[in-house]
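Taking numbering that gives the first Met the number 0, I'd label the letters of the sequence shown as residues 0 to 118.
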Amino acid sequence: MKLLVLSSLLVIFAIFGSVESLQCYTCISGTGRDCTDISQAEASECRAGELHCTKIVLGNDVTRACFTGRKSQETGCKQNGGTISCVCEGDLCNGATSMKAISLALSIPLALLVAALLH
0 MKLLVLSSLL VIFAIFGSVE SLQCYTCISG TGRDCTDISQ AEASECRAGE
50 LHCTKIVLGN DVTRACFTGR KSQETGCKQN GGTISCVCEG DLCNGATSMK
100 AISLALSIPL ALLVAALLH
């Protein structure tokens, strides 16, 4: 009986103990760091229930953090006055300076590849 209980506990630990939590960049402007520079942010494990990463830009101040939202939280960026709030899913997804930078970074190699194939 003890062997069955011990085996069950080991199986439960193996299943639930190996689950990794989400990682987001964390950085708060005004703490002596320039959070617009991703090298100033730290990769942090989010707590249980924090399902998304966020990046909030207000003027020159940037905050990056874990975010407690609904599982069906809409991702993307929204602007309200001078504040831009972005919510994303996936490890360290709040590290991009902007979606335009990612699009540009991906489109240049793709354009070069297409040009090479056409010649």
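Ideal Cβ positions, reconstructed from N, Cα and C, are used throughout, including at glycine.
Check, Outcome
"Based on Cα-Cα distance, which residue from L117, H118, A115, N93 lies nearest to I37?", "N93"
"My parser needs the beta strand (DSSP E) runs of 3 or more residues fully inside the segment 21-101; what are they?", "22-27, 41-44, 51-57, 60-66, 75-79, 82-87"
"Assign G81 to one of two classes, buried (16 or more other C-beta atoms within 10 Å of its C-beta) or exposed (fewer than that).", "exposed"
"Expressed to the nearest angstrom, what Euclidean distance is found between the alpha-carbon atoms of L21 and S71?", "16 Å"
"If T53 and F66 are in contact, beta carbons under 8 Å, what's the gap, nearest whole angstrom?", "4 Å"
"Quick check on this structure: which residue in R46, R69, N59, C23 has the alpha carbon closest to the alpha carbon of G29?", "N59"
"Among residues of its own chain, excluding the 5 on either side of C34, which ones have a beta-carbon nearer than 8 Å to its beta-carbon?", "C26, I27, S28, A40, D60, V61, T62, R63"
"Taking buried to mean at least 16 other C-beta atoms within 10 Å of its own C-beta, is H51 buried or exposed?", "buried"
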